Structure formats: C-alpha cells, structure tokens
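Engineer: Same order as they appear, the protein sequences are chains A and B. Residue 308 in this note's numbering is what sits at position 308 of the first sequence, and the numbering runs on without skipping anything. In this note's numbering, each residue carries its 1-based index in the second sequence increased by 1000. Yeah, the Cβ is synthetic: ideal placement off N, Cα and C, and Gly gets one too. As the structure is a prediction and not an experimental result, all values here were calculated from the model.
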Amino acid sequence: MENSGQGPARRDYLVAVEGLTKHFPVTRSLFRKPAGFVHAVDDVSFQLERGESLGLVGESGCGKTTVGKLLVKLLEPTAGGISFHFPDSAAGGAAGPVDAAAIKGRQMRAFRRQVQMIFQDPYESMTPRRTIYDTIAEPLAVQGIGDVLDRVGRVTDILTLVGLTPAATFLFRHPHELSGGQRQRVAIARALVIGPSFVVADEPTSMLDVSSRTGIMSLMQELAGNLGIAYLYVTHDLAVARYMCHRIAVMYLGKIVELAETEELLGNPLHPYTRALLSAVPVADPDYRREPPDIRGDVTAPVDPPPRCRFYDRCPRATTFCRDNPHPPTEEKAPGHWVACYEV
Amino acid sequence: MAVVTNEPVLKVAGLTLHYLTRQGEVKAVREVSFELARGQSLGLVGESGCGKTSIANCLMRLLPDNARLVAGQVFLDGQDLLPLSEEEIRRFRWRRIAMVFQAAMNSLDPVYKVGQQVVEAIETHGVETTVAAARERVARLFRLVGLAPQLMERYPHEFSGGMRQRAVIAMALSCDPAVIIADEPTTALDVIVQDRILRELKTIQQELQMCIIYISHDIAVVAEVTDRVGVMYAGNLVELGDTAEVFRAPLHPYTAALLSSFPRISGEKRPLATLSGEPPNLIDPPPGCPFHPRCPHATAVCREEPPPLVSRGSHWAACWHPLDATLSPMGQADASR
C-alpha cells in the first residue's frame, strides 16, 4: 500500500477501513481451480466519523455494494481490515477500537446492535406474512431487549419517528398493505429500533417514486442529525448523494478514485472518471446543452486486471506513464480532496 | 401513404381505460387527449401507477384481459386503432407503431442469436421478402444503433445491458414505424450508457423524422430529449406543453411539486420539496380535482368540481388555481392571491 488512506487518523472516527480487498473466484467448474479472480474491491481505505454520512457512488459492478456488505460483515474480506470505534456507552462495548475480523460468535450480537443495513428493495426485504410489529420487533427480540410490553412501546415510538402515524394503525398491518415509501420507512425503523451508531444504506431510494423519495431522504437526514448515526450511503445517483452525504467517494472497478467533501467533489471534480460520470447525468433544464461525457469504451469486469490504472482503457488523458506504472496512489490534491490519478 | 403535412401522425382523444379487479374498477386512464406531429417527441412523466404505461399498452393494443376501454379514440395516420380486430391491428402494431420495453433483458429470447430475432421480426411483418434482404436490413439497423453488424451472430447473454437495449431499439426500428413508444428505455442502465443511448435515439429520430413517446419517471431525461411533455397524475393528463415552457413556468401545482422534488447535481443546492400524502386510490378517486387532497392551493371548488383547462398558447393545464394567476378561471380574486 503506497498510501494508507485518507489522511492522518481522525481522532473521532467510528469506522476505519484500511486496504480493504475482496476477490471473488471465477469458477468454470466445481472441481477445477478458479479461472481467475474478480477484484470486486481492491485496496480501499477511508474513515467515517461519528454522525457522518459518506456516499459511495459508481456504476453497477464497481464494487460499492460489496464494500457495504463487507462493512456489515455479510462478507469477509480477502485482505485488509476494518476497525470500529463504537461509542463507550455501547451495550457490552469495550472501549477502544474493535477489529471487525475478531468479531465472531457471541460478539456478533453486540456488533449487530451497532451496525445495521437498509436494503434497496422494500418489497423483498420483508417477510410478507409478518406484521409490521413482528418485523420491527425482531431485532429487539434477538437482542433480548425489554419484555413484550416494552417492545410494543419501542416499536410505536420508532414508527412515529419514521412518520408512520398514527403508529397504532400500522402495528398489525402486513407489508402488502403499504406503499413502497411506507415499506422503506418500516425498513428504516427496523434498522434503527436498536439504536445503531452506523448504518449501511444500499440504494434505499432507488425503487421509490420522486415524491416518496424526497420524504425518505429528508427522514434519513433528520434521523442522522438527531440520533447521531453515521451512514455509508451506497448509490448510483450522484444527485441523491449530494443531498444525503457530507462526503462522496467515487468508485471505479473496485478502487476509490476520488474522495472529497460533497460540494467540492461536484464543483471541482479532478479525476477524469468523476468528470465523465458527472457530465453524463441528465440536467432537468431544457435550455441547457450538455456535452457528451469524455470517456471511451465500456465497463469491463475486473477479472485479474493488469497492474496499471484501472481506468486506463477508458481514460481520455491516459499516457504511456499510466500504461507502464501500477494503479496510481491516492493523494491529497487539495485539503480533504483525495484523488488516484497520475495526470491530476 | 398520403402525406398531409399538418395532420398529426398520432391523435389520442378522450382515452379512458379501466381495469376490472376483485376490489372494484380501477380508473387507470381518464379522458386523456394529446397529439403528435411528424418528427415530434413527447415525454410522459408521473409517479408509478399514474397511467403512463397503461396509455402505452393502449396505443399498442397490448392490454391485459381485465382491461376495459371505456371511451376514446387513437388515430394513427387517420385510422382509429381501437375498434380494429386483432387481425387488423397486426398491420399497425410493430409496422406503424412499435415499443421499446423497460426490461430489455426480457425482450430478447435467450436461445436465439440476437440478429436472428430481428430478422424474424422483419420477416413476420413482411417488410422484406427474402432472408438475405432482411439480414442486410438488420446489419444497417445494427450500425444505426451503434452495434457492430458482427454482433448479429451473438446470443443475448453475451451482450451487456446497454447492448441489449440497443438491440431492442433496433428491433423496434426494424419495420420503419411512424411512432416509437419507449417505456423507461434507460432506467436500468448506468448514466454513461444512458447518455449514449439517448443521444443515439435522438439522432435516429431526427434522421428518420419519427415520433417518439418517452415514458419516464426521470424528469431530467425527459427535459433533455423531448419537444413536448405531458404530466400525469392519478390517470389524468394534468398538464401538457412544450418541454421548455413546462419546465420554465409550470402551470399545475403538481408539476411544480414534481420539478422541485427532483434532486439536481448542478447549480445551487436548494431544499427539496416534499409532497405529503400518497396518490389516491383509483378505484374510488376523489371528486373534483384528483390532486386536491395533496395540493397546497386547494379550495372548496377543487374538492367539488373537476378542474377546467387553462392555457397559454399550446401549453395547458387542468387546474382551478394555475400558477400563472392571470390565467385563473376564478377571476381577479384568485389573481390577487
């Protein structure tokens, strides 16, 4: 690792990701050796402060969802580490950093209390035969929090908090009786009911209509502010990330190519890929003539990629230097603005 | 075909469509009217369930069994498509009016070569009489949509999402239709691929002087590719006008809410407007204006009487309290609001 990530360790960090790597074998047959490895996430480093929201954006297949799954321990990394620095008040939480790899068995339950996930599809992430109460109270039951009466109270409170009011009328409904926006509110309630300090949200608004989308977006922002929850917001939609995130990291084929404060990244994109991505977003102004994005070719799967810049094949600024050298190190080109490119 | 230049290619008048369900009759499309001139593109925007796709299926006469056409006409080249028999409609479907579906993945048969599937479409509709001529035509279509003709020999699974969408567009173009309906054609694609496909569609449309109806929930896409835009709410077309006009100065409060709830990546970061409530149940839609339960400007009249049409040139909206107060059907009292 040429560079250990985004600057000197922030003292108040909640999550620190260091050289995170995940390779998936490409198998042709059960009994043969893998034909290669998809480098889904390759040497990714970043930190997240308490209450901070970081957007992870990129095209499909860039590895953003894999990063999210690694952070909630739905997947185990091939290499690299994640450490959490939960608030001291955390249930059973030891002071000081916790190495994610060391969390096993019984500690997993305490971990789940701190780290939750919200999925993309509110239609598929809920058991259709369970009531809203059952769905939201399940984490409480698993964690052994409160008795039944206490749980009803907690579920009612969280339903009110996520805007499903009057809560009593929702408790014993089933998912099919709710609209997409309401279901996503239930999913948020389920993730938040045990008071986590970190939530991975994987495209939580991409299945929703505009009017319910803004509602969910402002709800998540409000909750983040009030409850001090940190988010990793995985999305392909830069405009949504602009509204949801303090900082944005752009991923391309398993690598973070650029990371900066949201307005800095959108207003002053430095990496040629970020520039292309931004200029490809349609603009809701019929008088504006948008130039086509400056990028060549199509996305390829990162199966055993050559040891050069991942973006080389598509880069409008690629040089022989880019061809003959390893993937560029992530460097701070402006305060807090990190870029992995030789030509910037 | 006799060409009368000022006649609209497509004219939809008073289209009303219901679906019969166990819960009752869903009033999915209510008295929708619009016209399309040769070479024009129209965007239909609105939230899911507002009736956009029902209109498309109606124009293609691809309706499920529980659909009931209550009223209206769809004139294509002056011929009303709705009374035609299944036999007769085949002369129009795909040949004069074609559709690009949302899920390109499902529009291609996985066991046949992509080129073969387009050749078959051409043969079925008798546009070319020999296989050689049909293949020649497919090669031309492939080049038109930005696919190398060699790709005709490949299977759908060998194509990326963007390539499949291109192949489906080539198939829609294969019989030289006058109208193409593109139902969320790029929703499943990444922005860079979306950008290319939309640019290509626009070029093709201008070259061939086709009509395209874009159905999309993404108002930015519609802003970029259409000449006119229609906004749908709860089965009603609530506003229609030139795209630039509608975006610059919307007349209907719903359009305004839709536009201001859309997050943008450029320009000043403005707070997003949140529209409270949910769209109405279309089995028992509210009386008066369908938008009144969510409308910030609603008054007693909105709850009782269906809204009148107000217009500014070719731009109109169905509203009692349009955002341009000088057009208000309520007179001066409303104008001074």
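So with CB distances below 8 Å, who are the chain A contacts of residue 1272 of chain B?
Structural biologist: Those within 8 Å of residue 1272 of chain B in chain A are 214, 217, 218, 243.
Engineer: How long is the line joining the alpha carbons of residue 180 of chain A and residue 1186 of chain B, rounded to whole angstroms?
Structural biologist: Taking the straight line from one Cα to the other gives about 21 Å.
Engineer: Quick one: what's got a C-beta closer than 6 Å to residue 1193 of chain B's C-beta in the same chain, skipping five residues either side?
Structural biologist: These residues qualify, in order along the chain: 1162.
Engineer: Can a CB atom of chain A be found closer than 9 Å to the CB of residue 1202 of chain B?
Structural biologist: Taking Cβ atoms only, chain A never reaches closer than 9 Å to residue 1202 of chain B, which makes this a no.
Engineer: Identify which residue in B:1200, B:1191, B:1085 has its Cα closest to the Cα of residue 1339 of chain B.
Structural biologist: With chain B covering only 1001 through 1337, there is no way to say anything about residue 1339 of chain B.
Engineer: For residue 83 of chain A, write down the residues that DSSP places opposite it in a beta bridge.
Structural biologist: Answer is A:16, A:99.
Engineer: Beta carbons nearer than 7 Å to chain B: which residues of the stretch 172-189 of chain A have them?
Structural biologist: Listed by position, the residues of the stretch 172-189 of chain A near chain B (Cβ gap below 7 Å) are 179.
Engineer: Cutting at 7 Å between CB atoms, please list the residues of its own chain near residue 312 of chain A, excluding the five before and the five after it.
Structural biologist: Correct list, in chain order: 318, 322, 323.
Engineer: Please list the segments of the alpha helix (DSSP H) lying wholly inside the stretch 1201-1268 of chain B, counting only runs of 4 or more residues, in order along the chain.
Structural biologist: Segments of the alpha helix (DSSP H) lying fully in the stretch 1201-1268 of chain B: 1219-1225, 1243-1248, 1253-1260.
Engineer: Report yes or no: is there a C-beta of chain B within less than 9 Å of the C-beta of residue 223 of chain A?
Structural biologist: No, residue 223 of chain A lies away from the interface with chain B (no Cβ there is under 9 Å from its Cβ).
Engineer: Using a Cβ-Cβ cut-off of less than 9 Å, list which residues of the stretch 1262-1290 of chain B approach chain A; keep chain order.
Structural biologist: Within the stretch 1262-1290 of chain B, the qualifying residues are 1262, 1263, 1264, 1265, 1266, 1267, 1269, 1271, 1272, 1273, 1274, 1275, 1276, 1277, 1278, 1279.
Engineer: What does a CB cutoff of less than 8 Å around residue 193 of chain A pick up in its chain, not counting 5 residues either side in sequence?
Structural biologist: Taken in chain order, the residues that qualify are 136, 137, 139, 140, 154, 155, 158.
Engineer: Taking residue 101 of chain A as the query, report the chain B residues whose CB atoms sit under 7 Å from its CB, ordered along the chain.
Structural biologist: Residues of chain B passing the Cβ test: none, with the nearest at roughly 33 Å.
Engineer: What whole-angstrom Cβ distance do residue 1041 of chain B and residue 1227 of chain B have, given they're in contact under 8 Å?
Structural biologist: Sure, about 5 Å apart at Cβ, within 8 Å.
Engineer: Give me the DSSP bridge partner(s) of residue 1183 of chain B.
Structural biologist: Per DSSP, B:1215.
Engineer: In the DSSP output, what is residue 1311 of chain B paired with across the bridge?
Structural biologist: B:1316.
Engineer: Using a Cβ-Cβ distance cut-off of 9 Å, determine whether residue 1256 of chain B contacts chain A.
Structural biologist: By this cut-off, residue 1256 of chain B is not an interface position.
Engineer: Taking Cβ positions only, does residue 264 of chain A come closer than 9 Å to chain B?
Structural biologist: No, no contact with chain B.
Engineer: Check whether chain B comes within 9 Å of residue 286 of chain A, counting only Cβ atoms and requiring the distance to be less than that.
Structural biologist: Residue 286 of chain A counts as touching chain B.
Engineer: Does any CB atom of chain B fall closer than 9 Å to the CB of residue 139 of chain A?
Structural biologist: Judged by the 9 Å Cβ criterion, residue 139 of chain A is not in contact with chain B.
Engineer: Helix, strand or coil for residue 104 of chain A per DSSP?
Structural biologist: The answer is coil: DSSP assigns residue 104 of chain A none of H, G, I, E or B.
Engineer: When the distance is taken between beta carbons, is residue 1097 of chain B closer than 9 Å to residue 1357 of chain B?
Structural biologist: Residue numbering for chain B in the displayed model covers 1001 to 1337; residue 1357 of chain B lies beyond these limits and cannot be assessed.
Engineer: In the DSSP assignment, the alpha helix (DSSP H) including residue 1152 of chain B goes from what residue to what residue?
Structural biologist: Per DSSP, residue 1152 of chain B belongs to no alpha helix (DSSP H) and is neither H nor E.
Engineer: Mind checking residue 66 of chain A: buried by the 16 CB within 10 Å criterion, or exposed?
Structural biologist: By the 10 Å Cβ count, residue 66 of chain A comes out buried.
Engineer: Using a Cβ cut-off of 9 Å, which residues of the stretch 1208-1223 of chain B contact any Cβ in chain A, in chain order?
Structural biologist: Taking 9 Å as the Cβ-Cβ cut-off against chain A, the residues of the stretch 1208-1223 of chain B that qualify are 1217, 1218, 1219, 1220, 1221, 1222, 1223.
Engineer: Taking its Cβ as the centre, do 16 or more other Cβ atoms sit within 10 Å of residue 335 of chain A, making it buried, or is it exposed?
Structural biologist: That one is exposed.
Engineer: Looking at the C-beta of residue 290 of chain A, does it have a partner C-beta in chain B at a distance below 9 Å?
Structural biologist: Yes - at least one Cβ of chain B is within 9 Å of the one on residue 290 of chain A.
Engineer: Run through DSSP, which three-state label would residue 148 of chain A get?
Structural biologist: Residue 148 of chain A: helix per DSSP, three-state reduction.
Engineer: Would you please state the rounded distance, in angstroms, between the beta carbons of residue 211 of chain A and residue 1261 of chain B? I believe it to be under 8 Å.
Structural biologist: Between residue 1261 of chain B and residue 211 of chain A the Cβ distance is about 6 Å, and since that is below 8 Å, they are a contact.
Engineer: Hey, which unbroken runs of the beta strand (DSSP E) at 3 residues or more fall wholly within the stretch 1008-1075 of chain B?
Structural biologist: Listed in chain order, the complete beta strand (DSSP E) runs (minimum 3 residues) inside the stretch 1008-1075 of chain B are 1010-1021, 1024-1036, 1041-1045.
Engineer: Which of the three DSSP states, helix, strand or coil, is assigned to residue 342 of chain A?
Structural biologist: In this structure, residue 342 of chain A counts as coil in the three-state DSSP scheme.
Engineer: What in chain A is Cβ-close to residue 1195 of chain B, meaning under 9 Å?
Structural biologist: Here the neighbours are 279, 280, 281, 282, 290, 292, 293.
Engineer: Going by DSSP, name the residue or residues bridged to residue 331 of chain A.
Structural biologist: According to DSSP, residue 331 of chain A bridges with A:339.
Engineer: Measure the C-alpha to C-alpha separation of residue 1218 of chain B and residue 307 of chain A and round it to an integer number of angstroms.
Structural biologist: Their backbone Cα atoms lie some 38 Å apart in a straight line.
Engineer: Of all the CB atoms in chain B, is at least one closer than 9 Å to the CB of residue 168 of chain A?
Structural biologist: Not closer than 9 Å to any Cβ of chain B, the Cβ of residue 168 of chain A fails to qualify, so no.
Engineer: Can you pull the chain A neighbours of residue 1047 of chain B, defined as C-beta to C-beta under 7 Å?
Structural biologist: Simply 209, 210, 211.
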